[in-house]
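Okay, so the sequence shown: first residue is 709 according to the working numbering, each after it adds one.
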Amino acid sequence: MRNPDNIQALAALKPDYMGFIFYDKSKRYAGSLSALFVNGLPAEIKRTGVFVDEEINEVLLSVQEYGLNALQLHGAETADYCRDLKALLPGVEIIKAFGISEGFNFGSLAAYVSFVDYFLFDTQTPDHGGSGKTFNWKLLDEYNLDIPYFLSGGIGPESLDELTSINDTRLYAIDVNSRFELEPGLKDIELLKDFKNKLPL
């Protein structure tokens, strides 16, 4: 999200989280968005900063400036990096994203268990997400940890039936983005409203 009018319209739908991308190589980069405006969003919406291999000091500055409640980490951030962030920001949720493809080693997630609140499973892409493509959700059968997760990657209006069929209490949230956009960073509010009303979660 980066357009103030679009953000306000989306806020009226009362999403649990709203993401702001602070990765300057993204076409959805929100770095020019007013921090005062973001801080004024309803308190029940968790302002979520999306980062890719950012220096910890820069993340801390963004948390302070934009009043971020959650961090979504989409790069190659290590467990030690997450540990350090968690120690510095004990009241901020840490969501570590992983791109999933055939052969992904779910065992590698064990090192993060003590330092993250949630995992996010996305489609593996060289651009750290935003591909509009769905990965094979059957691969999640290999996930054997207790940490709840966000499901992401190419989820659109046509995904409702498949989402309904997922029987996993660890599925915590549905992360949607490009399939609900009119253009990068600009959401189709009516499409999102209809999807949210039909979502079985």
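Glycine residues also receive a C-beta, built at the ideal position from the N, C-alpha and C atoms.
Of all the beta strand (DSSP E) runs that stay within the bounds of the stretch 848-875, which reach a length of 3 or more residues?
857-859
Under 8 angstroms, with one C-beta from each stretch per pair, do the stretch 838-856 and the stretch 789-803 reach the 3-pair mark?
no
So, at 6 angstroms on beta carbons, what are the nonlocal neighbours of ARG736 in its own chain, with the 5 sequence-adjacent residues on each side left out?
Along the sequence shown, one-based indexing puts residue 736 at 28. ILE729, PRO892 and GLY893.
Give me whichever residues DSSP pairs with THR831 in a beta bridge.
Here residue 831 refers to the residue found at position 123 when the sequence shown is read from its first residue. Bridge partners of THR831: ILE808.
Beta-carbon contacts of LEU741 that lie in its chain and below 7 angstroms, excluding the five residues immediately before and after:
In the sequence shown, the residue the question calls residue 741 occupies position 33. Within the same chain, LEU741 has close Cβ partners ARG710 and PHE728.
So, for ILE753: in the same chain, excluding its five sequence neighbours on each side, which residues have a beta-carbon less than 8 angstroms away from its beta-carbon?
Numbered from its first residue, the sequence shown carries residue 753 at position 45. Only ALA719, LYS722, PRO723, ASP724, TYR725 and MET726 meet the Cβ criterion.
Going along the chain, which residues of its own chain have a beta-carbon closer than 6 angstroms to the beta-carbon of PHE888, five neighbours each way excluded?
Numbered from its first residue, the sequence shown carries residue 888 at position 180. Around PHE888: LYS895, ASP896, LEU899 and LEU900.
Could you give the first and the last residue of the continuous beta strand (DSSP E) run that contains ALA778?
Against the sequence shown, residue 778 aligns to sequence position 70. Segment 778-781, the beta strand (DSSP E) holding ALA778.
Helix, strand or coil at ALA717 according to DSSP, with G and I counted as helix:
Here residue 717 is taken as the residue at index 9 of the sequence shown, counted from 1. ALA717 falls in the helix class under three-state DSSP.
Have a look at ASN777 and GLY811 and give me their C-alpha separation to the nearest angstrom.
As a working mapping, residue 777 is identified with position 69 in the sequence shown. As a working mapping, residue 811 is identified with position 103 in the sequence shown. Cα to Cα, ASN777 sits roughly 33 angstroms from GLY811.
With 16 as the cutoff for other CB atoms within 10 Å, does LEU781 come out buried or exposed?
By 1-based counting over the sequence shown, the position of residue 781 is 73. So LEU781 counts as buried.
Secondary structure at TYR731, three-state DSSP: helix, strand or coil?
Position 23 of the sequence shown, counted from the first residue, corresponds to residue 731. TYR731 falls in the coil class under three-state DSSP.
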